Amino acid sequence: MNRVDSSTNLPAPTPGGKRAAPEAEHLLVWYDRHRRRLPWRAEPGVAADPYKVWLSEIMLQQTTVKAVGPYFAAFLAAFPTVEALAAAPVEEVLRRWAGLGYYARARNLHACARAVVQQHGGRFPETEAGLRTLPGIGPYTAAAVAAIAFDQPAAAVDGNVERVIARLVALETPLPAAKPEIRALAERLVPLARAGDFAQALMDLGATICMPRQPACALCPWSEACAARAAGTQETFPRKAAKAARPLRRGAAFWLVRGGAEVLLRRRPQKGLLGGMAEVPGTAWQAEFDAAGALAEVPLAADWRRLAGMVRHGFTHFELELLVFAADVPASTPPPEGGWWQPVEDIDGAGLPTVMMKIARLAVAARDSNQDARSW
DNA sequence: TACTCGTGGTC
DNA sequence: TGACCAAGAGT
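In UniProt numbering, the protein residues as written are 1 to 376.
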């Protein structure tokens with residue numbers, strides 16, 4: 001309710017009206033001229049493919065267009081249809097997702113594909129409410145798929161839209177408390193026609209014009225309507241609550257090589273951090289860490305030694321420092337319960353998350369720089 | 001509501 | 001270089 005609203009005149013809701021808000025008309029004209037061409041986006045006049053729209057929206061959650069590009073292409077090649085994705089083992093989906101982050105998305109993607117095939121005959125629900133019932137589809141994605149794939153007048157409010165709307169009305173309420181207010185404002189702007197284009201236009205506007213830093217207001221179709229622009233305060237929106245500092249956690253990883261060619265891997269529990277992903281065995285990651293005590297947790301008894309250096313990795317809510325210990329065992333050694341031997345030459349094929357790839361790179365670098373007769 | 005959940009790029 | 005940021009969802 002803390003609107004500084006001297007210059008904007010958002011339209012009142014018009015349930016029976018056909019006339020779109022002038023802001024929507026402006027934005028669509030801009031979009032027809034400046035829209036981005038993206039792999040998952042249909043050309044003008046071409047119907048969108050719901051499978052591609054859904055797949056891209058899941059991948060794009062908290063992830064940049066650049067990062068998604070190669071993953072989207074690879075997934076489409078490996079799983080051309082929702083049926084193909086549903087038929088695949090979840091381990092293969094996780095392996096192909098490795099490196100993209102937020103791995104619950106991959107597990108939910110697979111569960112969603114199976115639900116669509118088994119409960120909806122292979123067709124995505126066309127309404128926001130129907131989509132909302134599926135795994136991994138929340139308020140934003142339900143609205144985005146409904147609008148883009150089925151042209152329904154749904155308000156897809158993502159980080160871009162929150163920023164655009166907050167600036168448009170110079171909204172003083174900080175995020176995330178401002179979300180309901182922003183959603184209500186966004187719903188009033190959605191036109192009944194071309195709702196899909198409107199949703200994509202708003203995101204394009206946020207991504208290419210109304211950027212977090214140094215927005216290109218001179219090129220913005222909403223420049224004249226924008227309250228923050230009028231006040232010259234556009235870069236200060238949206239207001240945000242302060243974030244908590246990220247604590248440091250420490251742990252150890254165990255790089256165990258069999259016969260000089262294979263490394264021991266295992267799978268993490270299905271829930272929680274890096275859920276279901278392959279990993280290098282290691283200790284828990286905690287604030288309190290005892291390097292000597294860590295060696296009591298090695299997966300197999302061997303001549304363990306600590307490698308020089310350390311792996312550092314930043315997660316969303318904590319920083320991580322890992323010591324890496326390495327050892328060799330004979331080629332005939334069976335893997336411990338739950339583990340398997342992965343050829344070091346094919347470590348990329350294991351589908352390791354990035355933090356685990358850092359461990360592998362440290363270990364391989366130590367091997368390659370080692371002048372001793374021993375391999376590790 | 002507030003916390004959990006990755007990663008790479010940017011300044 | 002550390003903090004911020006990116007087409008959020010689940011609990």
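C-beta atoms are modelled at their ideal positions from N, C-alpha and C, and glycine is treated no differently.
None of the values given here were measured: they were computed from a predicted structure.
- Extent of the continuous alpha helix (DSSP H) run through residue 463: There is simply no residue 463 to check, as the chain begins at 1 and stops at 376 in what is shown.
- Return helix, strand or coil for K66, following the three-state DSSP convention. helix
- Item | Any alpha helix (DSSP H) of 4 or more consecutive residues that is wholly inside the segment 21 to 71 | 22 to 34 and 50 to 59
- Which of the three DSSP states, helix, strand or coil, is assigned to W97? helix
- Euclidean distance between Cα positions of V161 and Q118: 34 Å
- Task: Entirely within the segment 279 to 326 and at least 4 residues each: give me those alpha helix (DSSP H) ranges in chain order.
- Result: 291 to 294
- Query: On the three-state DSSP scale, how would you describe D328?
  - Reply: strand
- Query: Between A144 and A193, which are expected to be in contact by the criterion C-beta below 8 Å, what is the C-beta distance as a whole number of angstroms?
  - Reply: At roughly 18 Å, the Cβ-Cβ gap does not stay under 8 Å, so A144 and A193 are not in contact.
- Please report the residue range of the alpha helix (DSSP H) in which P89 lies. It is not in any alpha helix (DSSP H) - P89 carries neither H nor E in the DSSP assignment.
- Determine which residues share a DSSP beta bridge with R249 and list them. L320
- Can you have a look at T141 and say buried or exposed, based on whether 16 or more other CB atoms are within 10 angstroms of its CB? buried
- Query: Under a Cβ-count criterion, where at least 16 other Cβ atoms within 10 Å of its own Cβ denotes burial, should A301 be classed as buried or exposed?
  - Reply: exposed
- Round the Cβ separation of A241 and Y31 to the nearest angstrom and send it over; I've been treating them as touching at under 8 Å. Not a contact, Cβ separation roughly 32 Å.
- Indicate whether C226 and R163 have their beta-carbon atoms separated by less than 8 Å. no
- Check whether the Cβ atoms of V324 and I347 sit closer than 8 Å, and answer yes or no. no
- Task: With DSSP collapsed to three states, give me the class of E224.
- Result: helix
- Message: Here's a check: name, in chain order, each residue in its chain whose Cβ is nearer than 7 Å to the Cβ of D197, leaving out the five neighbours to either side.
- Response: L28 and Y31
- By the 10 Å Cβ neighbour count, where 16 or more other Cβ atoms means buried, how is P221 classified, buried or exposed? buried
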